[in-house]
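Read in order, the letters of the sequence shown are residues 8 to 222 in the working numbering.
One structure is given here, and the rest of the page talks about it.
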Amino acid sequence: MKQPTQIAVGLLIMLTYLISMYLYPSMPELMPTHWNQKGEVDRYMHKFWALFLIPFISTVCVLMFYFVPKIDPLKKNIAKFGNQYDGFIMIFTGYMFYLYILTVIAHFDKNLNFVKLMIPAFSVLIFYTGCFLKNAKQNWFMGIRTPWTLSHKKVWEKTHKIGSILFKISGIVSLLGIMFQQYAFILVMAPVILSSLFLIFYSFFVYQKFNKKKA
C-alpha cells in the first residue's frame, strides 16, 4: 500500500471515529442498522455498535490489506499490480464510509431508503473488483484463490480473465435492484455468488485441461 493511499484511508477511517464520538452522547440507545428489501428498518443495535462497528471493521480490513501482503510468499507479484491494489483499498474504504454515513443519516431521516441508496455503491465496488481481477497476479491473498489457480500460472490468468468479465457484469446487473427493489437482494447478491461458484469450477476444469495436455 503506497503512502498516499495510507494517508487517504487513514483520514477517512479517523473521520468515522470522530463523527461517532461526537454523535454518541446525543444518540438514542438503539439505532437502525438493517433494512429489508422494501427499505424498511427490521433490525436495531445499541448505539455503540451502530456507530463504531463499521469504523472497527474498516480498521481491521485496512490493517490486513497493509500487513498481509508483506508476508505473502508471492509478495513480489502483488507489487506488480500495486496501483490496482491501492485502488481497490480506496474503493472498499470509501464504500464502508458511505455505508456508515447512510446509517447515521437514517437516524435523522426516517424516510431514507437505505437499500436504494446502498446499491449504486455496491455496484461500483463489484465492478471495480472486476477491473482489479483483470490485473491481479498470482498471490495467496487477493484474487480468485483456488487450489488450481495457485498451482498453475496459466490457470490463474485464464480464471481471472473470465472473472473480470463476470464481476463487471455482476456490478452492472446489481443496479437493476434500484428499479426492482422487491427483488433487490437477488439482483444484488445472486450474480456475485453465482459468478464466484462458477469460477471455482472453471479453474478446476482449466487445470484438468492443462494436465491432459502435459500427459
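Heads up, the beta-carbon is just placed ideally off N, CA and C, and yes, glycines get one too.
Quick caveat, the model's predicted, so the values are computed rather than measured.
What residues match up with His53 in a beta bridge as DSSP calls it? Per DSSP, the beta-bridge partners of His53 are Leu37.
Could you please give the first and the last residue of the uninterrupted alpha helix (DSSP H) stretch that includes Lys87? Lys82 to Lys87 is the extent of the alpha helix (DSSP H) around Lys87.
Throw me the rounded Cβ distance for the Phe121 and Gly178 pair, which I believe falls under 8 angstroms. Their Cβ separation, rounded to whole angstroms, is 19 angstroms, which puts Phe121 and Gly178 out of contact at 8 angstroms.
Alpha helix (DSSP H) segment containing Thr12, residue limits: Gln10 to Leu30 is the extent of the alpha helix (DSSP H) around Thr12.
Tell me, which residues are paired with Val48 by DSSP? According to DSSP, which records beta bridges pairwise, Val48 is partnered with Trp42.
Could you compute how far the alpha carbon of Met141 sits from the alpha carbon of Arg50? Sequence inspection shows Lys at residue 141; the Met mentioned does not correspond to that position. Looking at the two C-alpha atoms, the distance is approximately 38 angstroms.
Helix, strand or coil: which one does DSSP assign to Trp163? In the three-state reduction of the DSSP assignment, Trp163 falls in the helix class.
Quick one, are the C-beta atoms of Asp105 and Ala128 less than 8 angstroms apart? Correcting the residue type first, residue 105 is Tyr in the shown sequence and not Asp. Taking the C-beta atoms as reference points, Ala128 is found nearer than 8 angstroms to Tyr105.
So Lys141 is in the alpha helix (DSSP H); what residue range does that whole segment cover? Element bounds for Lys141: Phe121 to Asn142.
If contact is defined by three or more beta carbon pairs under 8 angstroms, each pair taking one atom from either stretch, is the stretch 24-41 in contact with the stretch 108-127? With a cut-off of 8 angstroms, the stretch 24-41 and the stretch 108-127 count as touching, because enough Cβ pairs lie within range.
Exposure label - Phe174; buried when at least 16 CB within 10 Å: Counting Cβ neighbours within 10 Å, Phe174 comes out buried, since at least 16 surround it.
Decide if Ala57 is buried, meaning its Cβ has at least 16 other Cβ atoms within 10 Å, or exposed. Here Ala57 is buried, its C-beta having at least 16 other C-beta atoms within 10 Å.
Enclosing alpha helix (DSSP H) for Leu157 [first to last residue]: Per DSSP, Leu157 lies in no alpha helix (DSSP H) segment and is marked neither H nor E.
Report yes or no: do three or more beta-carbon pairs, one from the stretch 142-159 and one from the stretch 71-81, lie closer than 8 angstroms? As far as the Cβ criterion goes, the stretch 142-159 touches the stretch 71-81, which means the pair count is three or higher.
Under three-state DSSP, which class holds Phe187? It is coil, neither helix nor strand.
Name the residue from Ile207, Pro62 and Ser27 whose alpha carbon lies nearest to the alpha carbon of Gly170. By alpha-carbon distance to Gly170, the top candidate from Ile207, Pro62 and Ser27 is Ile207.
Which of the three DSSP states is assigned to Leu194 in this structure? Of the three classes helix, strand and coil, the one that applies to Leu194 here is helix, per DSSP.
Quick check on Asn218: does DSSP put it in helix, strand or coil? In the structure shown, Asn218 sits in a helix (DSSP, three-state: H, G or I).
With DSSP as the reference, label Asp93 as helix, strand or coil. Here Asp93 sits in helix by DSSP.
Could you give the DSSP three-state label for Leu182: helix, strand or coil? Under the three-state reduction of DSSP output, Leu182 falls in the coil class, being neither helix nor strand.
Report the option in Lys144, Cys138, Leu30 and Lys54 whose CA atom is closest to the CA atom of Ala86. Cα-wise, what sits closest to Ala86 is Lys144.
Can you list, in chain order, the residues of its chain with a C-beta nearer than 8 angstroms to that of Lys97? Leave out the 5 residues immediately preceding and following it. The sequence given here has Met at residue 97, not Lys. If we look at Met97 and ignore the five residues flanking it on each side, its Cβ neighbours are Thr12, Ala15 and Val16.
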